[in-house]
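Participant:
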Amino acid sequence: MKKQRMTGADAILRCLEAEGVEVMFGIPGGAILPLYDAMARGTTIRHVLARHEQGAGHMAEGYARASGKVGVAVATSGPGATNLVTPVADAWMDSTPLVCITGQVRSSQIGTDAFQECDITGITIPIVKHSWLVQDVEELPHVLKAAFHVAVTGRCGPVLVDVPRDVQEAELELTLPAEVLLPGWKPPRRGHPRQIAAAASAVAAAERPILYAGGGVVNAGACDELRELAEAGRIPVVTTLMAKGAFPESHELHAGFPGMHGPKWSNWALNKADLIVACGARFDDRVTGKVSAFAPGAQVVHLDIDAAEISKIRHADIPVVGPLRSVLGALAADVRASARPERTDPWLELIAEWRAAFPLRYGEGGAMLKPQRVLEALRDLAAGREVVWTTGVGQHQMWAMQYLACERPRAFLTSGGLGTMGYGIPAAVGAKAARPDATVVCVDGDGCFQMTSQELATAVLERLPIVVVVVNNGYLGMVRQWQDMFFEERFSQVNLTHSLPDYAALARAYGALGLTVESEDGLEDALAEALDAGTTVVVDCRVDPREHCFPMIPAGAAALDVVEYEPARDAGALAL
Amino acid sequence: MRHTVAVLLENKPGALTRVTSMFARRGYNIESLAVGPTERHDVSRITLRVDCEHHSLEQIEKQMHKLVNVLRVQELAPGDSVERELALFRVAAPAGKRAELIALGDVFGARVADLGPESLVFELTAAPEDVDSFEELIRPHGLQELVRTGRVGLARALRPRRSASKPVLV
Chain A
1 MKKQRMTGAD AILRCLEAEG VEVMFGIPGG AILPLYDAMA RGTTIRHVLA RHEQGAGHMA
61 EGYARASGKV GVAVATSGPG ATNLVTPVAD AWMDSTPLVC ITGQVRSSQI GTDAFQECDI
121 TGITIPIVKH SWLVQDVEEL PHVLKAAFHV AVTGRCGPVL VDVPRDVQEA ELELTLPAEV
181 LLPGWKPPRR GHPRQIAAAA SAVAAAERPI LYAGGGVVNA GACDELRELA EAGRIPVVTT
241 LMAKGAFPES HELHAGFPGM HGPKWSNWAL NKADLIVACG ARFDDRVTGK VSAFAPGAQV
301 VHLDIDAAEI SKIRHADIPV VGPLRSVLGA LAADVRASAR PERTDPWLEL IAEWRAAFPL
361 RYGEGGAMLK PQRVLEALRD LAAGREVVWT TGVGQHQMWA MQYLACERPR AFLTSGGLGT
421 MGYGIPAAVG AKAARPDATV VCVDGDGCFQ MTSQELATAV LERLPIVVVV VNNGYLGMVR
481 QWQDMFFEER FSQVNLTHSL PDYAALARAY GALGLTVESE DGLEDALAEA LDAGTTVVVD
541 CRVDPREHCF PMIPAGAAAL DVVEYEPARD AGALAL
Chain B
1 MRHTVAVLLE NKPGALTRVT SMFARRGYNI ESLAVGPTER HDVSRITLRV DCEHHSLEQI
61 EKQMHKLVNV LRVQELAPGD SVERELALFR VAAPAGKRAE LIALGDVFGA RVADLGPESL
121 VFELTAAPED VDSFEELIRP HGLQELVRTG RVGLARALRP RRSASKPVLV
């Protein structure tokens, strides 16, 4: 590239373009004005104007998870930057590659409590892989190159680049750097062959092996290799919330979802295994329950790109640190060469027996629409369609995990580690930008909907149509469930009411289509209409608030002590 | 169990904060921390004393390795390294007690860095355990102020003989 004299702001755009960025999500403001002025001068990158920086951040996350590329979010200094903190923390917990670019007050004003000044690099230190406060315009190209490199190498995650306004305005001769200069950044390049061989021997020797696949498999693009390994050894696979779709759910070896609200048979399969092969999973407390009682008879093989996850929670008998794609590929080849696949037949039969014995259950009958029924109807209507699902956080999220069917990765986007209510709508907008041909459906709760519903405006005006299905039980349902089960039915500050706001009317206020479903009768028609609408739609499904999410492993309990379905109770405090 | 760890890090703004913030966030206990320049102008060195009662040293080292500014993490195993600490002690020293105090300091190789009418300041550079001993010894004499740098250390060039692992006291 020929050297060209330009402002720092223009250089930022040229660097993003060179990184292959196609879409960015953001909101302008004082300290980032020069960058937005440069956008007006021209760029190949589409800018999606969000209504709240948190929305912009989750859109960038949704984009990243749906596409496998880096998400880019832009915000101004001070409140713009602090509004990005939640998505940054979310991306940190779920290892989503994100580059956040924030404006900062002029260098000369830093430290003076200037208008809209805040130390965003300081605030985000605990929740980013790395961050930069650019102090000289000449550093910009190197910093941006490094930022994109760090976001996607090793374990994926968020980075932040804070650019003072005068640095955006200063001029430089732009030369795009050919390589990244980061002497301290050395992510592992390959798994140790001896460790992989040891893992293969352990698999060959196991009678009840199980693959415990986490989000790392998706980030590594290693879903095919996971399947090769599973099929080579005829090993059942449980997929965590972050890995939903990483292994086809219709596959005979798919053993469901482990964890707090996973089916009982899945938790039994994981906990009664004699060998757990953890693949890009981190033994999260929502999966293990009480750690000391988790899978007591299992030897652990732990495959991960992040050495710090090895033996962090559960001791790894055979750790393999490296990129999962090559590690799983090599392990699959070893297993294919050595294993006798028929040896796992009795184990697979046992799991099939448990599966038959412990199906998901919920209350049938009654006048009110059951929330689980909404998810079942959605699953059936979406069959054969290219759908990307997003969710908020709570009961509806767990029902979505239980009832929706995913055959492919990057089709179920949810906030796992941080549990960010309000993730669903903006993540759906971002996913639609990444996958314009797919139908993007946000399964939301009424509590979550009210945290980020302003992004419906973004969906409508940016022509990124999404379907929002509100599983509206009029409550902060998961909190209500805990109060019911663990706080002697003292319902404290959880009643949101079914009908205020009128979600369908609100949708219409945003120029979207709004539908209300109050009973099973109109359910399928409304959902079918929404899926076919081709425009942004909100379907308000008013469901039975007494329905709890089961099965459930109470927090801190052993994973084998699953609480199964309990019929809905008529609680006195219930206001419908 | 306590361990001494040497960390080489890029001399960049905020690099030290990233290390200490990670320790705070993950609940690792730092007993002492000394940071300063090295033979390379672009590299700083932290010597950390960490308490590994609740977290393994391995886990702490791995978390540090993930920080972009961290170039190298190395445990300074006792016996295989030289560790020193500098301390300044201000001790009440009325004229009648000065000679006794200075004699006491001589035993540890402590130098008198300042002498006033009512007090004196000892300067002691020694193995941290010896600084502890001197502190204990001097305290009853009226220790008014104490400042310690925190330990710094370097790995030994060769595996030492056991007897040489501790500096010989005069």
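First to last, the protein sequences are chains A and B. Sequential numbering from 1 applies to the first sequence in my numbering. Sequential numbering from 1 applies to the second sequence in my numbering. Positions of the beta carbon are idealized from the N, C-alpha and C atoms, including for glycine. Since the structure is predicted, the reported quantities are computational estimates derived from the model, not experimental observations.
Do we get a CB-CB distance below 8 Å when we pair P167 (chain B) with the residues of chain A?
Facilitator: Model confidence at P167 (chain B) stands at a pLDDT of 42, short of 50, so the residue's coordinates are unreliable; what they give is reported in the following sentence. Answer no: the Cβ-Cβ gap between P167 (chain B) and chain A never drops below 8 Å.
Participant: Which runs of the beta strand (DSSP E) spanning at least 3 residues fall entirely within the segment 269-305 of chain A, listed in chain order?
Facilitator: 275-279 and 299-304
Participant: Find the residues of chain A that neighbour R18 (chain B), judging by a C-beta separation of less than 7 Å, and give them in chain order.
Facilitator: I125
Participant: Which class does V91 (chain B) belong to by DSSP, given the choice of helix, strand or coil?
Facilitator: strand
Participant: Can you tell me whether C442 (chain A) is buried or exposed, with buried defined as 16 or more other CB within 10 angstroms of its CB?
Facilitator: buried
Participant: Between the beta-carbon of E469 (chain A) and the beta-carbon of L527 (chain A), is there less than 8 Å?
Facilitator: Rather than Glu, the amino acid found at residue 469 (chain A) in this sequence is Val. For V469 (chain A) and L527 (chain A), yes; Cβs fall inside 8 Å.
Participant: To the nearest angstrom, how far is the alpha carbon of E58 (chain B) from that of A438 (chain A)?
Facilitator: 45 Å
Participant: Evaluate M1 (chain B) with the Cβ neighbour count: other Cβ atoms within 10 Å of its Cβ, from every protein chain shown; 16 or more gives buried, anything less gives exposed.
Facilitator: exposed
Participant: Report the start-end ranges of each beta strand (DSSP E) in the segment 352-426 of chain A that is 3 residues or longer and not cut off at the edges.
Facilitator: 387-391
Participant: Quick test of your reading: I210 (chain A) and L270 (chain A), contact by CB under 8 Å. State the CB separation rounded to the nearest angstrom.
Facilitator: Distance from I210 (chain A) to L270 (chain A) at the Cβ level is roughly 6 Å; contact confirmed, criterion being Cβ atoms closer than 8 Å.
Participant: State yes or no: is the beta carbon of N29 (chain B) nearer than 8 Å to at least one beta carbon in chain A?
Facilitator: no
Participant: Can you find the residues in the same chain that come closer than 6 Å, C-beta to C-beta, to P28 (chain A), ignoring five residues on each side of it along the sequence?
Facilitator: Y36
Participant: Which residues share a DSSP beta bridge with D51 (chain B)?
Facilitator: Beta-bridge pairing links D51 (chain B) to B:R2 and B:N29.
Participant: Tell me whether C156 (chain A) sits in a helix, a strand or coil according to DSSP, three-state version.
Facilitator: Coil.
Participant: Taking three-plus beta-carbon pairs below 8 Å as touching, is the segment 548-559 of chain A in contact with the segment 279-292 of chain A?
Facilitator: yes
Participant: Hey, is W185 (chain A)'s beta-carbon within less than 8 Å of any beta-carbon in chain B?
Facilitator: Yes, contact with chain B.
Participant: To be precise: take each residue of the segment 44-77 of chain B, compare its Cβ to all Cβ atoms of chain A, and keep it if any distance is under 8 Å. Which residues remain?
Facilitator: S56, E58, Q59, K62, Q63, H65, K66, L67, V68, N69, V70 and L71
Participant: Do you know whose CA, among A:V539, A:L176 and A:M59, lies nearest K69 (chain A)'s CA?
Facilitator: Nearest option by C-alpha distance: A:M59.
Participant: How is the beta strand (DSSP E) around I196 (chain A) delimited, first residue to last?
Facilitator: Taken as a continuous stretch (DSSP letters only), I196 (chain A) belongs to no beta strand (DSSP E), being part of the alpha helix (DSSP H) at P193 to A205.
Participant: Counting Cβ pairs closer than 8 Å, one from the segment 354-373 of chain A and one from the segment 224-232 of chain A, do we hit at least three?
Facilitator: no
Participant: Please determine if the segment 453-460 of chain A and the segment 484-499 of chain A are in contact, where contact requires at least 3 C-beta pairs separated by less than 8 Å.
Facilitator: no
Participant: Run through chain A and tell me which residues come within less than 7 Å of R25 (chain B), C-beta to C-beta.
Facilitator: Result: P126.
Participant: Quick check on I45 (chain A): does DSSP put it in helix, strand or coil?
Facilitator: coil
Participant: Roughly how many angstroms separate the alpha carbons of A411 (chain A) and S250 (chain A), rounded to a whole number?
Facilitator: 15 Å
Participant: At what residues does the alpha helix (DSSP H) containing E17 (chain A) begin and finish?
Facilitator: G8 to A18
Participant: CA-CA distance, P263 (chain A) and F294 (chain A)?
Facilitator: 16 Å
Participant: Is T102 (chain A) closer than 8 Å to L160 (chain A) when the C-beta atoms are compared?
Facilitator: yes
Participant: Exposed or buried, what is S432 (chain A) when buried is set at 16 or more other beta-carbons lying within 10 Å of its beta-carbon?
Facilitator: Sequence check: residue 432 (chain A) is Lys here, not Ser. Label assigned to K432 (chain A): buried.
Participant: Name, please, each residue of chain B whose Cβ falls closer than 8 Å to the Cβ of L182 (chain A).
Facilitator: Near L182 (chain A) (Cβ distances below 8 Å), the residues of chain B are V68.
Participant: Do you know how far the Cα of L13 (chain A) is from the Cα of A38 (chain A)?
Facilitator: 8 Å
Participant: Extract the residue ranges of the beta strand (DSSP E) inside the segment 111-162 of chain B, only unbroken runs of 3 or more that lie entirely within it.
Facilitator: 111-115, 119-126, 143-148 and 152-155
Participant: Under the rule that 16 or more other beta-carbon atoms within 10 Å means buried, what is T17 (chain B), buried or exposed?
Facilitator: exposed
Participant: Let me check understanding here. Comparing Cα to Cα, which of A:R340, A:S453, A:P436 and A:L378 lies closest to G392 (chain A)?
Facilitator: A:S453
Participant: Going by DSSP, name the residue or residues bridged to N83 (chain A).
Facilitator: The partner list for N83 (chain A) (beta bridge, DSSP) is empty, contrary to what the question assumes.
Participant: Taking Cβ-Cβ distances shorter than 7 Å, what residues in chain B pair up with K312 (chain A)?
Facilitator: Q59
Participant: Okay, do the segment 314-321 of chain A and the segment 241-256 of chain A touch, 3+ Cβ pairs below 8 Å being the bar?
Facilitator: no
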